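S.K.: Note that the working numbering has the sequence shown beginning at 70, numbered continuously upward.
I have a structure I would like to understand better, so I am pasting it below and will then ask my questions one at a time.
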Amino acid sequence: MDLAQLKQNRNLLFWSLHVLGWSGYGVSQYVGALLYGKPVAYVQYIAVAALSGCVVSAPLRYICRWLWKRPPATMIVGAIFAAWGTACVLRVIMNWFYHTYVDLEWPIVHWTEYFSGALSSTYLMACWIGLYFGVKYYESLQSQRIATLQAASLAQEAQLKMLRYQLNPHFLFNTLNAISTLILDNRNSTANDAVTGLSEFLRYTLDQDPMKKVTVSQEIDALNLYLNIEKMRFGERLRLTYAIEEGAANMLMPSLLLQPLIENAIKYAVSPREQGGEIRIGAHVTGGMLQLEVADDGPGMIDTTRLTNGRGVGIRNTRERLQVLYGDRGTVSVNNTDPGLRVALTFPAERAAS
């Protein structure tokens with residue numbers, strides 16, 4: 070049985086530690102007896118003491134279990150009395166054996182002599198109780214820690230899914246509007262291709278777990294499903310440039326992280342202008358950090374620090390996703406490039422397993 074199974078089996082764990090502790094007590098006393106040249110009968114006395122201690126202290130488990138749920142004052146007082154009572158029982162057994170089998174020339178004259186040494190045994194039992202409460206407290210902290218981590222994980226997963234799917238209705242509306250425009254222009258064949266592309270993209274978004282990371286190259290492939298739809302709508306007005314370094318292509322990133330940024334660029338840098346616009350998508354690794362960027366040659370933003378216009382929703386959503394996943398190590402920077410706007414995402418680089 071391994072350590073994990075031992076921890077799960079409460080009875081086996083208790084008895085293992087209990088027997089091991091009293092065995093250690095017996096061995097330490099035996100070594101002391103050898104050093105002081107004690108007779109064989111004294112060694113037997115030590116064995117009886119260790120065995121008796123193992124037996125009479127076992128009920129302390131149930132007393133301590135009851136005390137654990139009581140107020141601190143009750144716990145302390147109860148533990149002292151439990152240690153003293155158990156020590157008295159142990160000393161009666163030990164003293165009877167010692168005077169009967171070890172030191173026959175020293176008979177017990179008065180019954181109170183049976184409790185001789187009860188104070189030192191009380192310290193021993195108090196240590197037993199202290200160790201029990203210590204293990205109990207450690208396990209309680211571990212349980213709370215695990216519960217906290219599980220709750221944080223569930224909250225993180227829920228928040229990521231909320232942030233991911235928050236964008237889908239917006240994207241779906243824009244895409245359906247684009248397909249509607251193609252139909253009104255009697256471009257039915259192109260509209261049919263757009264519907265097919267939309268279905269493939271939606272299948273990808275629904276099948277893809279928001280908690281799962283994908284490589285940069287996989288992200289680009291997914292984005293192309295979306296961009297092909299937009300290319301049908303804008304034609305030559307939508308110009309795309311990719312700058313994906315070879316070392317960055319196999320790095321992991323949150324799925325569909327760039328999609329809202331590209332959607333913003335199309336909406337504000339391509340769609341309003343007759344000549345259209347260019348969107349540049351880049352990825353590179355620097356100093357152990359993966360940096361992704363989406364840049365356009367549009368009008369930019371008046372105040373990139375406040376994100377007050379329509380672009381702010383997608384950028385704010387992206388920033389929150391990185392914050393949830395990477396904490397302070399996930400950052401989003403927004404800068405006007407005159408002309409255009411550049412959004413850069415930076416977070417720890419993580420290479421996909423081969």
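We put the beta carbon where it would ideally sit given N, CA and C, even for glycine.
The structure displayed is predicted, hence computed values, not measured ones.
1. Check L410 in the structure and name its three-state DSSP category.
2. In the DSSP assignment, the beta strand (DSSP E) including M163 goes from what residue to what residue?
3. Could you check the C-alpha separation between S410 and L275 for me, to the nearest Å?
4. Starting from the C-beta of D366, find all residues in its chain whose C-beta is less than 7 angstroms away, skip the five residues before and the five after it, and write them out in chain order.
5. For V412, which residues in the same chain have their Cβ closer than 6 angstroms to its Cβ, ignoring the five residues on either side in sequence?
6. On the DSSP letters alone, give me the boundaries of the beta strand (DSSP E) that Q344 sits inside.
7. By the DSSP assignment, the alpha helix (DSSP H) with S402 in it spans what residues?
8. Going by the DSSP bridge assignment, what does Y311 pair with across the sheet?
9. So what does A364 bridge to, in DSSP terms?
10. So, helix, strand or coil for M370, using DSSP?
11. Let me know the alpha helix (DSSP H) ranges lying completely inside the segment 248 to 319, each 4 residues or longer, listed in chain order.
12. Could you pull out every residue in the same chain whose Cβ sits closer than 7 angstroms to the Cβ of Y468, ignoring the five residues on either side in sequence?
13. Below 6 angstroms CB to CB, which residues in the same chain sit around F270 once its five sequence neighbours on both sides are set aside?
14. Rank G351, L325, S209 by C-alpha distance to the C-alpha of Y311 and give the top, closest one.
15. Classify C196 as buried or exposed, calling it buried when 16 or more other Cβ atoms lie within 10 Å of its own Cβ.
M.R.: The answer reads as follows:
1. Translated into the one-based positions of the sequence shown, residue 410 becomes position 341. Residue state, collapsed to three classes: strand.
2. Position 94 of the sequence shown, counted from the first residue, corresponds to residue 163. It is not in any beta strand (DSSP E) - M163 instead sits in the alpha helix (DSSP H) that spans 141 to 166.
3. One-based indexing of the sequence shown puts residue 410 at position 341. One-based indexing of the sequence shown puts residue 275 at position 206. It should be noted that the sequence gives Leu, not Ser, for residue 410. Approximately 30 angstroms, taken between the alpha carbons.
4. Translated into the one-based positions of the sequence shown, residue 366 becomes position 297. For D366, where only same-chain residues beyond five positions count, the Cβ hits under 7 angstroms are A338, G346, E347, P408, G409.
5. Working through the sequence shown from its first residue, we reach residue 412 at position 343. L330, V363, V403, listed in sequence order.
6. By 1-based counting over the sequence shown, the position of residue 344 is 275. Run containing Q344: none; DSSP gives neither H nor E here.
7. Here residue 402 refers to the residue found at position 333 when the sequence shown is read from its first residue. Careful: S402 lies outside any alpha helix (DSSP H), inside the beta strand (DSSP E) at 400 to 405.
8. Mapped onto the sequence shown, residue 311 falls at position 242. Looking at the DSSP assignment, Y311 forms a beta bridge with I350.
9. Residue 364 sits at position 295 when you count from the first residue of the sequence shown. Residue pairing from DSSP places A364 in a beta bridge opposite R349, R411.
10. As a position in the sequence shown, residue 370 is number 301, starting the count at 1. Three-state result, M370: coil.
11. 257 to 276, 285 to 303
12. Shown here, the chain extends from 70 to 423; a query on residue 468 therefore has no answer.
13. As a first step, residue 270 is located in the sequence shown; it is residue number 201 there, counting from the start. L294, Y295, listed in sequence order.
14. The residue given as residue 311 occupies position 242 in the sequence shown. Residue nearest to Y311 within the set G351, L325, S209 is G351 (criterion: CA-CA distance).
15. As a first step, residue 196 is located in the sequence shown; it is residue number 127 there, counting from the start. Under this definition C196 is an exposed residue.
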